[in-house]
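Only one structure is covered here, and it is reproduced in the block below.
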Amino acid sequence: MSTLTSSPDLSFYQVAKGIRSWIFTLDHKRIALLYFYSISTFFLVGVVLGLLLRLELIAPGKTIVEPHTYNQLFTLHGVIMIFLFIIPVIPAIFGNFFLPIMLGTDDVSFPRVNLLSWYLYILGGILALLTLVVGDGPPDTGWTFYAPYSVKTGTNVSIAVLAAFILGFSSILTGLNFIVTIHRLRYPGMSFFQMPLFAWALYATAWIQVLATPIIGITLLMIFVERVFGVGLFDPSIGGDPILYQHLFWIYSHPAVYIMALPAMGIISEIIPTFSHRTIFGYKAIAFSSLAIAFVGYFVWGHHMFTSGMSGPARIIFSILTFLVAIPSAVKVFNWVATMYKGSIDLQPPMLYAMAFIFQFLIGGLTGLVVGALATDIHLHDTHFVVGHFHYVMFGGAGFAFFGGIHYWFPKIWGRMYNVRWANIAFTLLFIGFNTLYFPMLILGIMGMPRRYYDYLPEFQPLNVISTVGSWILFIGLIIMIVNLINGYRKGAIAGRNPWGGVTLEWQTKSPPPLQNFDKAPELSEHGPYDFK
Amino acid sequence: METTFVLPNSGHNRDDMSSKMGMWLFLFTELLLFGGLFLVYMIYRFVYHDDFLEASLNLQVLFGAVNTIVLLTSSMTVAMSITAMQKGNAQLSKRLIWLTILSAGIFLVIKFFEWSAKFEHGLFPGMAHYGELANGERLFFFLYFFMTGLHALHVIIGAIFLLYVIKSIQKQKVRQDKYMLLENAGLYWHLVDLIWIYLFPLFYLIH
Amino acid sequence: MNHQDKPSSHAHEVHITSYKDHASTFLGLVLLTIMTVTVSVFGADLYTLTVLTALAIASTKAIVVALNFMHLKHDPKIFRAMIGIVLLLFIVFAVLTLVDYMIRP
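Residue numbers (my numbering), protein chains in the order written: chain W, 1 to 533; chain Y, 1001 to 1207; chain V, 2001 to 2105.
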């Protein structure tokens, strides 16, 4: 039970101790950490699944698992990585921890709803893992649960879609909380255009969370009901259309990728000014581009369905809209690079991750255009090219932004610094490992290797071997990163209020912050949130 | 232990506008939840127009119309209950909320009779007569039961919410200077009404 | 100290809708209901026009409920702006999906 008032000399950790003070907390910072530990756990499960997939694919034919198990592996890998990791990770951890502080307030608008969000996350996560141990095992449908197979298969689809439904609710409540917080709790004198860009990113994301998630909620409910009653809305035998399922599924799942990307871009917009010691280039352009991405991103879902049987004109419309949504993303990239130009660059670990983000998101985005174009998509749909594309944006982009965020805000959250040299080593291995793992997939896809196939032609093997080795390098980098961070947490040097010279409000307060976030009134600059004097 | 300064924009201060905004955002999620079903309805009605027409003849307009009036009445009573609370008349406010809950009950009873009639004719998915219908008709009835069923669930939830508000009034947690909970329950109730306002013509008034 | 009991910080006059106004709204809605039933039972079978008429009347009723019962007419404009966006979104979803089905061979 968090007390409303406490001495600003105490950090938020010190005001209460014991497990009950954590799992019943209303403090947004503790909730953020609850998310951090639970999301990281699920992430590692997802990583292990990914490593197993790559191990299977190191050679054609059977290597370690049967075909059916392989299908279950990539399904669970996708479900965990998407619903339990990349969608919640930045809003639930860094959004929860830093949004109130960046706005100059002491909590989100609805603290109890915030805690409920986390409970729902845990419930959804448990259900997802439950599919591993009951009945016929995890679903083998792919994380997309396409009808009619998802209705017919004997595997634990019902439990999995129930998990996704609950996780969706968790996401909705977080978004709802952030929208109201941003509208109502900004410090006096802080207009919308004086908020940090991370707040803008969270705002745009929150609208997607609130408006898009219910669609997948109802769609998964339709699948659930169809499984229970044996007849349903996508059942061809009663005139139902499986493509309608795809429409509904992607009406959410495309905007969902912007739930993943926008907060990540928000982190980059924070890191780059700080480590260039320059104000961000084009603040309003970046703010509006976040809204534009969210808006246009609602209307491009059909590009996942180009080969499914949609009508021709529909395909053309969706392709055009897809090309449009790339424009605001490009605006951001130009503005980040322009910020760095003639800045005083400080190559600390967060900056390395930010620069890797720009490089990898660029590749991801450009390959997205390749599949967004109708003619090329015919060849590349359902090949490893797509797998490479989305891992470049989701992992090389959002994932690396997450790692960058950890390294950026680590001293603020835990009051200590990690070893920078080991952080750099970890980064190097992660970068090399990531690109070795995923770049070959782009080539393999063009060569014609399908995705979600257990087996492949012998000519694809050399690149698959390289890719699998890349996964091992990546994994080693990940371990080093984690060990280094844990060491920093336990015995790192004490960090001051502002080790990086940042100018947003979180760097004015103590490290770690007190319960009420600030020990003295936050000071706003009249020159905006990125005032590097 | 005391704070050396207090944030003027503390998240712990009561803010009715935040409460209302949060409720509206939640209503948006409900709108889109049903919206997905309306989308499916729209597509299948477009594709199976004649079958939908045929199937809708099984529904009685009178029952649908009466239920529409019942829900409209309940919307009026809950709106009036807020007026009463604003004017300081907690007793009247509670009575009006009870009327709203009563209306919810009447709605559900009528629904029960409608559904029972369908079951008797074997029109529920999985039953014998259902299997003999044309494709579009089967989709119609699947949507009918799914959408009115989900709606009825929301009627029940809304009624429970209103019961909770009555208790809160009795405990003085909702009163003339603090009635956001009642307003929010009212908003939720109006949403339930709104959904039915669309369900009625789309299922009952096709011809 | 519990901050939850104090009155809200915003100072504007709260608009109270009279019982009479609520009753009038209700009557208007009943009239619209009668209208929509009449059109459907006695009107010609005009297919698309029947759908559009039914939806138009339903939408009118919805707007009346939203503005009056749900108090949007007197609430800060931000709420109407948000609702507008939500409706726009839904309409585009519907149109884009329908486009696929309308043009299928």
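All residues carry an ideal CB built from backbone N, CA and C; glycine is no exception.
Sixteen is the threshold: since fewer than 16 other Cβ atoms of the shown chains lie within 10 Å of the Cβ of F1005 (chain Y), the residue is exposed. In this structure, the straight-line span from the alpha carbon of P2076 (chain V) to that of V2014 (chain V) is close to 11 Å.
When the beta-carbon positions are compared, W414 (chain W) and I480 (chain W) stay at least 9 Å from each other. Boundaries of the alpha helix (DSSP H) harbouring A2081 (chain V): 2077-2102, taken from the DSSP string. DSSP places K412 (chain W) in the helix class (H, G or I) of the three-state scheme. Within chain V, L2089, V2092, F2093 have C-beta atoms less than 8 Å from the C-beta of Y298 (chain W), given in sequence order. Among the CB atoms of chain Y, none fall inside 9 Å of the CB of M340 (chain W). Between A287 (chain W) and V393 (chain W), the C-beta gap is not smaller than 9 Å, which leaves the two residues out of contact. At a cut-off of 9 Å between beta carbons, L2098 (chain V) contacts chain Y. Excluding its 5 nearest sequence neighbours in each direction, W301 (chain W) has C-beta neighbours in its own chain below 6 Å: W250, I251, H254, listed in chain order. Residue burial is scored here from C-beta neighbours: D1050 (chain Y) has fewer than 16 other C-beta atoms within 10 angstroms and is therefore classed as exposed.
S1056 (chain Y) has a beta carbon lying at 9 Å or more from every beta carbon in chain W. By the Cβ criterion, the segment 1167-1178 of chain Y is not in contact with the segment 1057-1074 of chain Y, since fewer than three pairs of Cβ atoms, one from each stretch, lie closer than 8 Å. Going by beta carbons, Y1044 (chain Y) and L1143 (chain Y) fall inside the 9 Å limit. Taking 7 Å as the upper bound on Cβ-Cβ separation, chain Y lies near residues F2026, L2029, V2030, T2033, T2036, V2037, S2040 of the segment 2026-2040 of chain V. Of the residues assessed, H1129 (chain Y) falls on the exposed side of the cut-off, its CB having fewer than 16 other CB atoms within 10 angstroms.
Within chain V, the residues placing a beta-carbon under 7 Å from that of A314 (chain W) are V2099, D2100, I2103, ordered along the chain. R1175 (chain Y) is bridged by DSSP to Y:K1178.
In the structure shown, T155 (chain W) adopts coil according to DSSP, grouped into three states. Nearest in C-alpha terms to L437 (chain W), of all of W:S170, W:S467, W:F97, is W:S467.
As far as DSSP is concerned, I19 (chain W) takes part in no beta bridge. Residue pairing by DSSP places I494 (chain W) opposite W:R416 in a beta bridge. Around A1065 (chain Y), the beta-carbon contacts reaching into chain V at under 8 Å are T2033, V2037. DSSP lists W:T383 as the beta-bridge partner residues of P450 (chain W). Interface annotation for the segment 103-114 of chain W against chain Y: L103, G104, T105, D106, D107, V108, S109, F110, P111, V113, criterion Cβ-Cβ distance under 9 Å. In this structure the segment 169-188 of chain W touches the segment 102-111 of chain W; the number of beta carbon pairs closer than 8 Å is three or more. Between F357 (chain W) and A401 (chain W) the beta-carbon gap is near 5 Å, inside 8 Å, which marks them as a contact. Nearest to S2024 (chain V) by C-alpha distance, out of Y:F1113, Y:L1102, Y:T1077, is Y:T1077. M1147 (chain Y) and G1122 (chain Y) have their C-alpha atoms roughly 18 Å apart. Residues of the segment 2059-2091 of chain V whose Cβ lies closer than 7 Å to any Cβ of chain W, in chain order: V2086, L2089.
The CB of I218 (chain W) comes closer than 7 Å to the CB of L1033, G1036, L1037 in chain Y, given here in chain order. When secondary structure is reduced to three states using DSSP, I58 (chain W) falls in the coil class, being assigned neither helix nor strand.
When DSSP states are grouped into helix, strand and coil, I378 (chain W) belongs to the helix group. With a 10 Å radius around the Cβ and a threshold of 16 neighbouring Cβ atoms, F460 (chain W) comes out buried. Contact between the segment 90-101 of chain W and the segment 142-151 of chain W is absent, with fewer than three C-beta pairs closer than 8 Å. Note on geometry: alpha-carbon atoms of V257 (chain W) and S170 (chain W) lie some 17 Å from one another.
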